[in-house]
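The listed protein sequences correspond, in order, to chains A and B. Under this note's numbering, the letters of the first sequence match residues 651 to 754, in that order. Under this note's numbering, the letters of the second sequence match residues 6 to 211, in that order. Data first, discussion second: the structure below is written as structure tokens.
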Amino acid sequence: MTTAQGQSTGKYLIVYVCLLAITALQFFLGYQHIAGSQLVVRFFTFAVIESLLVVLFWMNLGSEKPGFIKFIVYFMLFVLVCMNYIWTDSFRLLLFRLTGMGPS
Amino acid sequence: MSEAHLTVGAHTAPPMEARPFAIPSKKFAMWLFIMSDVMTFAACIAVYSFTRNSTPDWPRPFHGLTNVAVMTLIMLTSSLTMLFAMKSAKLEDKAGAFRWLMLTALGGVIFTVLHVRDWMGMINQGAGLLQNPWGPPAFGASFFVITGFSLLHISVGTLAVIIVALRYKGGRYNADDVEIISIFWQFVGLVWLFIVPVVYLMNLAP
């Protein structure tokens with residue numbers, strides 16, 4: 651086994667341990683009776699870190715050409731950010747269901 | 006007459022267009038597929054989150070998450086074995102790559118069995134696509150759609166891993182094909198890492 655191949659195995663194992671640790675932390679936090687809004691932020695942060703680790707090191711996007719990385723990242727982020735327009739309506743619906751009145 | 010026409014007239018093969026981003030076409034196609042699949046999963050997660058946020062009496066039927074924790078461990082481990090399969094394939098270690106691929110498929114099968122067992126537990130309590138014994142029926146619809154879509158990807162992915170393993174062993178596929186199925190498998194594992202906190206762990210929030 652060459653040094654580079656040995657390094658890739660080490661990289662895969664380090665990412666695996668990191669993912670296990672982050673997931674274990676998520677389960678731990680889930681049982682800590684933290685308020686839902688705070689929990690969402692923490693879970694989302696951890697999930698983003700996990701996805702970066704997987705995409706860059708396990709799906710090897712980090713070793714692709716810069717133009718290809720930009721193509722993937724820009725398109726994905728644009729669509730994922732645009733998808734967040736739903737939240738205002740979700741909270742409006744919640745308010746309506748709790749109070750029986752929609753915002754004027 | 007242009008130079009291009011002269012070349013075609015001389016029965017020479019037409020010039021090939023350069024590959025986009027200079028990466029293999031199959032890999033590019035897989036990334037395009039994954040990009041479109043991200044949209045679908047993101048939409049499923051957005052719909053689940055929208056419905057959950059806007060429903061005051063959202064049910065919390067998951068009391069113990071041991072099964073989900075085991076499923077997550079198996080998914081992450083099978084992602085690792087898939088990487089070892091890809092690495093063995095690049096080293097032209099056919100037996101090693103086949104062995105790692107089959108181990109990955111075994112992980113997929115165990116995950117699928119545990120997932121179906123989880124589902125059966127809920128179905129036996131009366132939950133379904135259009136009904137929910139704990140409150141709003143939207144829970145059943147959004148839960149089974151989001152987890153069912155993931156389960157579909159993992160079960161079909163398991164089948165694809167087995168097919169790639171057999172064809173790689175038979176010499177019809179090469180290391181590039183193993184790399185492509187590896188990218189897909191890492192993606193389905195990544196999706197599960199988003200589903201666990203959104204669907205299962207948020208269930209524990211007070």
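C-beta: ideal position from N, C-alpha, C; glycine also. What you are looking at is a predicted structure, and each value in this text was computed from that prediction instead of being measured.
Residue i burial status per 10 Å Cβ neighbour count (16 or more: buried)
i, result
"valine 667/A", "exposed"
"alanine 23/B", "exposed"
"methionine 80/B", "buried"
"leucine 702/A", "exposed"
"glycine 112/B", "buried"
"valine 201/B", "buried"
"methionine 87/B", "buried"
"leucine 727/A", "exposed"
"phenylalanine 256/B", "Outside the displayed span of chain B (6 to 211) sits residue 256/B, for which this structure offers no information."
"leucine 198/B", "buried"
"asparagine 208/B", "buried"
"glycine 133/B", "exposed"
"valine 665/A", "buried"
"valine 193/B", "buried"
"glycine 175/B", "exposed"
"isoleucine 699/A", "exposed"
"glycine 660/A", "exposed"
Minimum Cβ-Cβ distance from residue i to chain A less than 8 Å
i, result
"proline 66/B", "no"
"serine 147/B", "no"
"alanine 188/B", "Looking at the sequence provided, one finds isoleucine at residue 188/B rather than alanine. For isoleucine 188/B, the answer is yes, since a Cβ of chain A falls inside 8 Å of its Cβ."
"phenylalanine 55/B", "yes"
"threonine 77/B", "yes"
"alanine 100/B", "no"
"methionine 125/B", "no"
"proline 202/B", "yes"
"serine 7/B", "For serine 7/B, the predicted model reports a pLDDT of 48, less than 50, meaning its position is unreliable; a value from the coordinates is still stated below. It does not: the Cβ of serine 7/B has no partner Cβ on chain A nearer than 8 Å."
"alanine 47/B", "yes"
"phenylalanine 116/B", "no"
"valine 43/B", "yes"
Cross-chain neighbours of residue i in chain B, by beta carbon under 7 Å
i, result
"glutamine 657/A", "Simply none; closest approach about 11 Å."
"glycine 717/A", "Phe26"
Neighbour flag for residue i against chain D, beta carbons, 8 Å
i, result
"leucine 106/B", "The displayed structure is made up of protein chains A and B, and chain D is not among them."
Under 8 Å from the C-beta of residue i: neighbouring residues of chain A
i, result
"asparagine 58/B", "Trp737, Ser740, Phe741 and Leu744"
"glutamine 130/B", "The contacting residues do not exist; glutamine 130/B stays about 21 Å from chain A at best."
"proline 29/B", "Per Cβ cutoff of 8 Å: no residues; proline 29/B is ~11 Å from chain A at best."
"methionine 21/B", "In chain order: nothing, as chain A lies at least about 19 Å away."
Reference residue i, options the options, closest by Cα
i, options, result
"proline 211/B", "Ala685/A, Ile672/A and Phe678/A", "Ala685/A"
"isoleucine 39/B", "His68/B, Pro61/B, Thr71/B and Val196/B", "Val196/B"
"valine 169/B", "Glu184/B, Phe33/B and Ala74/B", "Glu184/B"
"arginine 747/A", "Val73/B, Gln136/B, Thr60/B and Pro142/B", "Thr60/B"
"leucine 119/B", "Trp36/B, Arg172/B, Ser54/B and Thr152/B", "Thr152/B"
"alanine 27/B", "Ser713/A, Val731/A and Phe725/A", "Ser713/A"
"alanine 146/B", "Gly131/B, Ser160/B, Leu37/B and Ile159/B", "Gly131/B"
"serine 93/B", "Trp105/B, Ile167/B and Val121/B", "Trp105/B"
"leucine 669/A", "Leu70/B, Leu164/B, Gln191/B and Glu97/B", "Gln191/B"
"valine 73/B", "Ser30/B, Lys32/B, Arg122/B and Lys95/B", "Arg122/B"
"arginine 177/B", "Thr71/B, Lys99/B, Leu85/B and Asp62/B", "Lys99/B"
"tryptophan 139/B", "Ile159/B, Phe89/B and Pro64/B", "Pro64/B"
"phenylalanine 144/B", "Lys32/B, Ala165/B, Ser54/B and Phe46/B", "Ser54/B"
"aspartate 182/B", "Pro25/B, Ala34/B, Pro20/B and Pro19/B", "Ala34/B"
Closer than 9 Å at the beta carbon, the chain A residues around residue i
i, result
"proline 61/B", "Leu744, Arg747 and Leu748"
"phenylalanine 192/B", "Val704, Val705 and Met709"
CB contact below 8 Å: residue i versus chain B
i, result
"serine 701/A", "yes"
"leucine 689/A", "yes"
"phenylalanine 728/A", "no"
"tyrosine 662/A", "yes"
"serine 681/A", "This sequence places tyrosine at residue 681/A; serine is not what is there. Yes, contact with chain B."
"valine 731/A", "no"
"glycine 712/A", "no"
Beta-carbon neighbours of residue i, restricted to chain B and to distances below 8 Å
i, result
"phenylalanine 721/A", "Phe26"
"glycine 686/A", "Met207, Ala210 and Pro211"
Under 7 Å from the C-beta of residue i: neighbouring residues of chain A
i, result
"serine 84/B", "Trp708"
"alanine 51/B", "Met733 and Ile736"
"tryptophan 36/B", "Ile722"
"alanine 74/B", "Phe677"
"phenylalanine 199/B", "Ala697"
Closer than 7 Å: residue i CB and nearest the ligand FAD heavy atom
i, result
"glutamine 136/B", "The ligand FAD is absent from the structure shown, which contains no ligands of any kind."
Of the residues that make up the stretch 664-679 of chain A, which ones have a beta carbon closer than 7 Å to any beta carbon in chain B? Tyr666, Leu669, Leu670, Thr673, Gln676 and Phe677
Taking a Cβ distance cut-off of 7 Å, strictly less, list which residues of the stretch 170-181 of chain B are near chain A, in chain order. none
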